[in-house]
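2 protein chains.
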Amino acid sequence: MNTSNKRERSTTERRQLLVETAIKCFSEKGFHQTSMRDLATRAGISLGNLYNHFGSKTELIKEIATLEAVEVRQLQILLNASRTPQKALDRFVLIYLEACTDPDSALLFAEIVSEGLRNPEIRGGFQRNREALLSILIQILHDLEAAKGATLRMPAEDCAAQILDLIEGLSTRLAFAGKLPTKKERASLNVGIDLLIGR
Amino acid sequence: MNTSNKRERSTTERRQLLVETAIKCFSEKGFHQTSMRDLATRAGISLGNLYNHFGSKTELIKEIATLEAVEVRQLQILLNASRTPQKALDRFVLIYLEACTDPDSALLFAEIVSEGLRNPEIRGGFQRNREALLSILIQILHDLEAAKGATLRMPAEDCAAQILDLIEGLSTRLAFAGKLPTKKERASLNVGIDLLIGR
DNA sequence: TATCCACGAACATACGTTCGTTCAATATAT
DNA sequence: ATATATTGAACGAACGTATGTTCGTGGATA
């Protein structure tokens with residue numbers, strides 16, 4: 002990628018802008034209530050030009066669905082730097098909860114789930130990312146067990162999945178209520194997770 | 002309601018048929034990818050006639066969203082008949098899991114959630130029903146605690162919400178994989194719930 | 001000069017909804 | 001009991017608009 006090329010640079014910037022406004026529009030109105038005209042207008046470009054950057058609407062949706070994932074790679078690095086598995090788990094929960102309760106993300110997450118349930122192309126990217134997230138969490142659980150910080154009563158993968166369920170469930174409920182998590186809710190979440198891992 | 006009236010009877014039957022095909026269509030294609038023509042064709046009636054039964058598409062969606070609730074009233078009765086709170090809880094989990102993992106329901110549930118997040122009319126009915134479900138579960142938890150079958154480490158409402166999260170989370174994952182729950186998955190779910198209630 | 005971003009008009013289709021009409025079931029009058 | 005009026009389910013054409021996508025053109029960059 003030659004960033005000294007003025008054309009290419011402004012083109013990638015445009016594309017970035019388009020993706021960002023698409024995320025906004027999609028999370029506000031949903032995939033299928035957002036028209037290509039909406040997107041173009043909101044991004045301040047013409048309809049025809051939008052098609053210069055994205056060949057079709059589904060292509061755009063697909064890109065958003067895979068992009069709107071927690072940035073797993075960075076998360077992995079951050080957690081590797083944690084001193085103890087306990088701290089790693091705490092960090093994981095904090096970060097993922099933060100990501101899920103972001104107002105845009107919660108709506109988009111629901112949108113992606115319901116879309117992914119019937120659209121294989123969407124499902125693929127979403128599942129890949131989710132498995133990556135799971136495997137990180139599983140690793141942490143194994144570390145925890147080795148350090149006697151946890152005594153699992155079920156397969157680590159099931160436990161990890163349940164932890165994600167708790168976080169995502171809380172996020173969804175908060176989005177429904179239009180609120181951010183209170184201290185109490187955070188506390189209950191942590192208690193629930195501690196119970197699940199037998200800490 | 003005069004069921005000896007032939008006209009009224011066939012009308013309510015029609016309406017029932019329409020609601021059922023709407024559920025099918027909506028769960029297959031989603032609210033916004035299903036057109037009124039789709040519905041009419043699928044139900045074997047004309048487009049115009051569809052509007053004789055439902056004034057608008059949103060009215061139809063609203064009806065489905067509130068209807069597609071677990072029949073809480075019956076559930077309540079069934080659970081009251083349970084000998085012990087332990088049995089009541091087991092039944093609750095079994096029934097709700099069954100309801101959530103029904104292929105149609107899982108897709109429709111996701112659809113309602115994502116629609117409810119931005120459409121207050123949908124949200125209302127959904128939340129009302131969910132609160133009813135929660136209050137049943139909370140009651141069971143209190144009974145359990147009184148019978149020394151549980152030692153909650155968090156407010157009963159939070160615990161109940163987390164239990165629902167586990168069930169719904171598992172259901173969603175199963176729907177994504179296109180599978181029904183295995184014995185192992187059911188077992189892990191039960192272990193998770195037992196841990197949450199400190200049993 | 002060749003490339004490609006940017007534009008907005010144009011196209012075909014799909015959508016939600018309305019409309020006038022038919023026709024059988026019901027209510028009322030004879 | 002028979003004739004007449006009223007109702008409302010059922011139909012499909014029609015309307016207006018919105019949609020995804022294509023196309024030809026202009027203008028800046030390489």
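Protein chains in written order, with the working numbering: chain A, 2 to 200; chain B, 2 to 200.
Glycine is no exception: its CB is placed at the ideal position from the N, C-alpha and C atoms.
This structure is a prediction, so every number in the text was calculated from the model and none was measured.
At a Cβ threshold of 8 Å, is residue i touching chain A?
i	result
Gly125/B	no
Ser11/B	no
Glu155/B	The sequence shown places Met at residue 155/B, not Glu. With 8 Å as the cut-off, Met155/B counts as an interface residue toward chain A.
Arg187/B	no
Leu134/B	no
Arg174/B	yes
Arg119/B	yes
Ser57/B	no
Val94/B	no
Ser47/B	no
Leu181/B	no
Asp166/B	yes
Leu196/B	yes
Gly193/B	yes
Quick check: is the beta carbon of residue i nearer than 8 Å to any beta carbon in chain B?
i	result
Val73/A	no
Glu112/A	yes
Phe177/A	yes
His143/A	no
Val20/A	no
His33/A	yes
Gly170/A	yes
Ser5/A	Confidence at Ser5/A is low in this model, with a pLDDT of 42, below 50, so its placement is unreliable and the value that follows should be read with caution. For Ser5/A, the answer is no, since every Cβ of chain B falls outside 8 Å of its Cβ.
Met2/A	Low per-residue confidence applies at Met2/A: pLDDT is 36, beneath 50, and the placement is therefore not dependable, though the value from the model is reported in the following sentence. Not an interface residue.
Ser115/A	yes
Leu108/A	yes
Gly199/A	yes
Gln128/A	yes
Ala151/A	no
What separation, rounded to the nearest whole angstrom, lies between the Cα atoms of residue i and residue j?
i	j	result
Asp166/B	Gly49/A	44 Å
Ala161/B	Gly199/B	13 Å
Phe32/A	Lys63/A	11 Å
Asp144/A	Pro156/B	30 Å
Ala111/A	Glu132/B	20 Å
Ala70/B	Val94/A	31 Å
Ser106/B	Ile96/B	13 Å
Leu1/B	Ala148/B	Lying before the first or after the last residue shown, residue 1/B is absent from chain B, which here runs from 2 to 200.
Leu197/A	Leu76/A	22 Å
Let me know if residue i comes out buried or exposed under the rule of 16 or more other beta-carbons within 10 Å of its beta-carbon.
i	result
Thr4/A	Only weak support exists for where Thr4/A lies, its pLDDT of 39 falling under 50; the coordinates are left without a value.
Ser11/B	exposed
Ser57/A	exposed
Glu9/B	exposed
Gln163/A	buried
Ala23/A	buried
With distance defined between alpha-carbon atoms, name the residue in the options nearest to residue i.
i	options	result
Ser172/A	Leu142/B, Thr42/B, Arg74/B and Ser115/B	Ser115/B
Leu108/A	Arg16/A, Asn81/A and Gly170/A	Gly170/A
Ser28/B	Tyr52/B, Ala66/B, Arg15/B and Gln17/B	Ala66/B
Asp103/A	Arg174/A, Leu197/A and Leu18/A	Arg174/A
Asp195/B	Ala151/B, Met155/B and Val20/B	Ala151/B
Val73/B	Leu51/B, Ser47/B and Ala100/B	Ala100/B
Gly45/A	Gln140/A, Phe177/A, Ile168/A and Arg16/A	Arg16/A
Leu90/B	Leu142/B, Leu61/B and Ala70/B	Leu142/B
Ala188/A	Arg38/B, Ser47/B, Pro182/B and Arg154/B	Arg154/B
Leu18/A	Lys185/A, Leu76/A and His54/A	His54/A
Leu118/A	Gly179/B, Cys26/B and Leu51/B	Gly179/B
Asp87/B	Glu158/B, Leu181/B, Gln140/B and Glu60/B	It should be noted that the sequence gives Gln, not Asp, for residue 87/B. The shortest C-alpha separation from Gln87/B is found at Gln140/B.
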